[in-house]
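Colleague: In my numbering, the protein residues as written are -19 to 298.
Here it is: the structure, laid out below.
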């Protein structure tokens, strides 16, 4: 199977490690605007889309970690409000927003409630969320679901259709720890098989997952144990895009018709995979005035028929 990865990040591990990981890490986008036109997913920096363009557009944010109050970012609410302002300033209003996990930092009801209230400030019809491991710390996702049960079925996974695109929202933080890979589990995989069964293979699929659906760095739990079973269900489709968060840095990976894109956090940086001095991923404190340079935007275009990914990075402070 053809597989294309690209890598570039200041302070990343050496070239040998990058080659071994086979992936790309680069600090960028606080908010990405995704469009679907002709079945081709495209992502642009917030503010880059003109009012006259067609296709379905939506925004992606991730890892807000509301409730986090440490030095790496003492004002995560301010970071989220800045992203909301960018989204609301778009020339063309997006149809909806997606949040790819870790709404909260400690799974507290007041953190979930704050997130729900702040998301109402985004000028979209709705915000689709999925849980991150920080949203499932005490009693699984039961606390999260009290605030974000999107279809009323008491599950953290669901699907919806819009603009000819089928969206699948997954929960892949079951039994998470930093020393092993989390999973979706048999029940969710059986649901996913049923959900996809009636779709035409030409239907564009967009998957929302918190943890990457490929193994970025297993010692830190940056991967999904049963991702191969998910991929077996997705590979028959002609256009699949997987959007996730969790690792607080942008990575891209392409396998056949499946393109994987991680998103930047709105809270704090994390080290690059296997970075020296980090036994496990932890918030990275940067010098005063540098955080805005690490929480920027990224413009991405998937070139039809070529598998190439064109990118333009723009930091928030520029």
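Just so you know, even glycine gets a beta-carbon here, dropped at the ideal spot from N, CA and C.
All values derive from a computational prediction rather than experimental measurement.
Taking a contact to mean a Cβ-Cβ separation below 7 Å, would you say residue 153 touches residue 163 in this structure?
Modeller: The count along the chain shown starts at 1 and reaches residue 153 at position 173. The count along the chain shown starts at 1 and reaches residue 163 at position 183. No, these two residues do not count as a Cβ contact at 7 Å.
Colleague: How is the alpha helix (DSSP H) around residue 91 delimited, first residue to last?
Modeller: By one-based count along the chain shown, residue 91 stands at place 111. Segment 89 to 99, the alpha helix (DSSP H) holding residue 91.
Colleague: Taking the C-alpha atoms as reference points, what is the distance between residue 212 and residue 240?
Modeller: To locate residue 212, count along the chain shown from 1; it is residue 232. To locate residue 240, count along the chain shown from 1; it is residue 260. Cα to Cα, residue 212 sits roughly 15 Å from residue 240.
Colleague: Can you confirm whether the stretch 138 to 149 touches the stretch 60 to 72 when touching is taken to mean that 3 or more C-beta pairs between the two stretches lie within less than 8 Å?
Modeller: Contact fails: fewer than three Cβ-Cβ distances are below 8 Å.
Colleague: Considering only the alpha carbon of each residue, which of 177, 101 and 106 lies closest to residue 142?
Modeller: For the purposes of this step, residue 142 is identified with residue 162 of the chain shown, where counting begins at 1. The option with the nearest alpha carbon to residue 142 is 106.
Colleague: Within its chain, find whatever has a CB closer than 6 Å to the CB of residue 258; leave out the 5 residues flanking it on each side and keep chain order.
Modeller: Walking along the chain shown from the start, residue 258 turns up at place 278. Closer than 6 Å at the Cβ level, and outside the excluded window around residue 258, lie 251.
Colleague: Could you give the distance in angstroms between the alpha-carbon of residue 31 and the alpha-carbon of residue 76?
Modeller: In the chain shown, residue 31 corresponds to position 51, counting from 1. In the chain shown, residue 76 corresponds to position 96, counting from 1. Reliability fails at residue 31, whose pLDDT of 39 lies under 50, so the model's placement of it is uncertain and the value that follows must be treated cautiously. Cα to Cα, the separation comes out at about 16 Å.
Colleague: Which first and last residues belong to the beta strand (DSSP E) in which residue 78 is found?
Modeller: If you number the chain shown from 1, residue 78 lands on position 98. Residue 78 -> beta strand (DSSP E) spans 77 to 79.
Colleague: So, is residue 229 buried or exposed, given that buried needs 16 or more other C-beta atoms within 10 angstroms?
Modeller: Along the chain shown, one-based indexing puts residue 229 at 249. It counts as buried.
Colleague: Compare the C-alpha of residue 88 against each of 262, 113, 54 and 42 and name the closest.
Modeller: Reading the chain shown from its first residue, position 108 is the one you call residue 88. Taking only the C-alpha atoms, the option nearest residue 88 is 113.
Colleague: Reducing DSSP to helix, strand and coil, say where residue 260 ends up.
Modeller: Indexing the chain shown from 1 puts residue 260 at position 280. DSSP places residue 260 in coil when its eight states are reduced to three.
Colleague: Rounded C-beta distance between residue 193 and residue 207? I'm assuming under 8 Å.
Modeller: In the chain shown, the residue the question calls residue 193 occupies position 213. In the chain shown, the residue the question calls residue 207 occupies position 227. With 8 Å as the limit, residue 193 and residue 207 qualify as a contact, their Cβ atoms being about 5 Å apart.
Colleague: Near residue 102, what residues of its chain come up, given a Cβ to Cβ distance below 6 Å and the 5 sequence neighbours on each side ignored?
Modeller: For the purposes of this step, residue 102 is taken as the residue at position 122 of the chain shown. Answer for residue 102: 64, 67 and 77, listed in chain order.
Colleague: From 146, 95 and 148, pick the residue whose C-alpha is nearest to that of residue 125; which is it?
Modeller: Within the chain shown, numbered from 1, the residue matching residue 125 stands at position 145. The option with the nearest alpha carbon to residue 125 is 95.
Colleague: Kindly identify the DSSP beta-bridge partner or partners of residue 223.
Modeller: Indexing the chain shown from 1 puts residue 223 at position 243. Residue 223 is bridged to 188 and 241.
Colleague: Per DSSP, what kind of secondary structure is residue 147 in: helix, strand or coil?
Modeller: Taking the first residue of the chain shown as position 1, residue 147 is located at position 167. Here residue 147 sits in strand by DSSP.
Colleague: Just to check my reading of the structure: residue 151 and residue 111 have Cβ atoms closer than 8 Å, yes? What is that Cβ distance to the nearest angstrom?
Modeller: Walking along the chain shown from the start, residue 151 turns up at place 171. Walking along the chain shown from the start, residue 111 turns up at place 131. Rounded, the Cβ-Cβ distance is 6 Å, consistent with contact.
Colleague: Going by DSSP, name the residue or residues bridged to residue 119.
Modeller: The residue labelled residue 119 in the question sits at position 139 within the chain shown. Residue 119 is bridged to 121.
Colleague: Between which two residues does the alpha helix (DSSP H) containing residue 59 stretch?
Modeller: The residue given as residue 59 occupies position 79 in the chain shown. Segment 56 to 68, the alpha helix (DSSP H) holding residue 59.
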